[in-house]
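This report concerns only the one structure given below.
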Amino acid sequence: MTSPESSMPANVPQAVLKPKRSVSLAWLLPAAAIIAAAWLGGRAWSQRGVPVTVVLADGHGLKVGDAVRYRGIAVGEVRQVTLDDASSGIRVTIALRSEADRLARTGSRFWVVRPQFGLSRTVGLETLVGPRYLAVLPGRGASQRHFIGLNEPPIVERRDPGDLEIILTATALGSLRRGAPVMYRQVPVGTILSVGLMSDGGGVEARVHIDRAYAQLIRSDTRFWDVGGLDATVGLTGVNIRVENLEALLAGGVALATPPGGGEAVGTGYRFALSGRPPEGWLQWQPMAVIGSSLLPSGAPLPSPRRATVAWTQGRLISRQRHRQGWVLQTDQGLLGPADLLVPDDDADKDSTILEVAGTVVPLDGLPRYSGGGLAILEGRLIRPAWPSSRYRRAAEPEECLAIGDPTAPPIPLAAARLTATDGGASWDVDPAISLDESWHGAAVVARIDGNLVGILLVKDDMARVAMLPEK
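Using the working numbering, read the sequence shown as starting at 2 and increasing by one per residue.
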């Protein structure tokens with residue numbers, strides 16, 4: 002007999018048995034522990050915050066765990082409250098969130114928010130029933146980790162480039178109060194920052210902050226007066242009582258007015274004397290100051306009109322030299338300006354008529370590219386850069402504008418309420434209350450909303466109008 006092994010074919014594969022491998026729990030558990038520890042450590046590191054130290058004169062009940070807030074949002078918390086090393090104050094250690102690291106910079110201000118009641122303002126009401134907290138306003142300097150906190154909340158929390166700070170001097174305190182308003186025509190335009198005696202004790206001086214939107218109102222001839230309390234006069238007809246407004250009656254304050262012309266613009270630190278009464282007729286003053294946070298939208302260019310003089314010979318038997326001056330604007334379509342500058346008069350000797358712009362003499366012996374509505378466009382490019390046609394448009398109705406002429410003089414604001422559309426909207430008459438003489442003839446008029454050129458100012462016999470640009 003044959004065995005089973007001998008009867009099997011020779012080419013049949015044989016199975017090979019190997020031991021089964023498995024992952025031991027002895028290795029898996031330590032690996033999981035290492036991963037968990039790394040995650041917890043990373044989480045703790047990210048949540049530890051940016052350490053910052055603030056020294057305060059008084060803690061006002063601040064305690065560990067209280068929030069640090071910026072614009073009403075929690076950006077950190079108080080980690081430690083201890084006496085300062087010199088025992089002259091309170092040392093508060095806070096932890097800012099990592100994304101709030103930019104709040105700790107040179108110039109940053111910290112203070113404790115608590116309930117405070119006053120005639121001029123009330124702050125911290127939310128802390129009547131809730132905990133105190135530390136408020137912060139960021140500076141613009143380099144990163145910093147140690148600060149001296151404020152004893153009181155800042156009167157002006159935000160200070161922007163263009164804000165103005167001036168000094169008012171008075172013989173007595175009167176109604177000057179820290180935090181009291183500074184008003185123009187009963188509209189708040191600034192705030193009194195601090196009040197104290199002069200260094201020689203000869204009077205009182207107050208630091209005043211003026212918002213940049215109203216900084217153009219403050220000129221060397223601006224008048225300031227005290228408006229706190231009641232102003233009562235007794236006459237045959239009875240008693241006349243004048244009050245600026247309820248806020249001024251309760252909290253004090255200062256009012257201001259600027260006469261026409263107004264003098265030069267002032268800088269930070271300029272000193273003004275405070276009067277006890279307003280100047281006569283101040284309500285009729287029209288200073289024509291540019292009011293707003295900026296003249297034009299950010300990045301909008303200002304046109305640069307150039308002074309132009311046209312001269313000609315008039316008369317045949319008895320001739321005489323005549324000339325006229327104004328402003329013209331170089332555009333990519335040519336010189337744009339009043340027609341009486343760019344087009345010779347009918348009775349002028351055409352061969353003798355010349356135009357001088359920016360030191361260049363231009364003969365006016367041909368027809369202009371455009372003439373109509375009191376405006377003209379003369380072919381040629383004398384000045385660079387040229388105002389692009391993409392930056393002008395035809396306005397549908399009167400709007401807030403600026404008149405720009407002499408580059409050394411501030412622009413004149415043209416409020417929409419002072420403009421009246423005429424000739425079917427082809428021009429706007431300017432209210433005579435705006436004092437414009439012929440030195441503004443030909444000034445560029447731009448819209449404040451977008452900075453586009455919308456017209457040219459024409460002044461004749463002390464009457465002004467804005468001539469609309471022609472259709473593109």
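Backbone N, C-alpha and C define an ideal beta-carbon position, used for all residues, glycine too.
{"Check": "Beta-bridge pairing of residue 357 - partner residues as DSSP gives them", "Outcome": "310, 362"}
{"Check": "First through last residue of the alpha helix (DSSP H) which encompasses residue 341", "Outcome": "340-343"}
{"Check": "Opening and closing residue of the beta strand (DSSP E) in which residue 380 lies", "Outcome": "Unbroken run through residue 380: none, as it is neither H nor E."}
{"Check": "Through-space distance from residue 414 to residue 454, alpha-carbon basis", "Outcome": "14 Å"}
{"Check": "Sheet register partners of residue 196 (DSSP bridge)", "Outcome": "207"}
{"Check": "Helix, strand or coil at residue 426 according to DSSP, with G and I counted as helix", "Outcome": "helix"}
{"Check": "Endpoints, beta strand (DSSP E) assigned at residue 83", "Outcome": "74-84"}
{"Check": "Per-residue DSSP class, three states only, for residue 404", "Outcome": "strand"}
{"Check": "Host beta strand (DSSP E) of residue 146 (start-end)", "Outcome": "Here residue 146 belongs to no beta strand (DSSP E), and DSSP marks it neither H nor E."}
{"Check": "Beta-carbon proximity of residue 368 to residue 404, cut-off 8 Å", "Outcome": "no"}
{"Check": "6 Å Cβ shell around residue 271 - same chain, five flanking residues per side excluded", "Outcome": "167"}
{"Check": "Buried versus exposed, by CB contacts within 10 Å (16 or more), residue 446", "Outcome": "buried"}
{"Check": "Residue 150 vs residue 53 beta-carbon contact at 8 Å", "Outcome": "no"}
{"Check": "For residue 322, the residue or residues it bridges with in DSSP", "Outcome": "314"}
{"Check": "Residue 145 beta carbon less than 8 Å from that of residue 192", "Outcome": "no"}
{"Check": "Alpha carbon of residue 96 to alpha carbon of residue 30, nearest angstrom", "Outcome": "35 Å"}
{"Check": "Euclidean distance between Cα positions of residue 378 and residue 390", "Outcome": "13 Å"}
{"Check": "Same chain, Cβ closer than 7 Å to residue 39, five either side skipped, listed in chain order", "Outcome": "none"}
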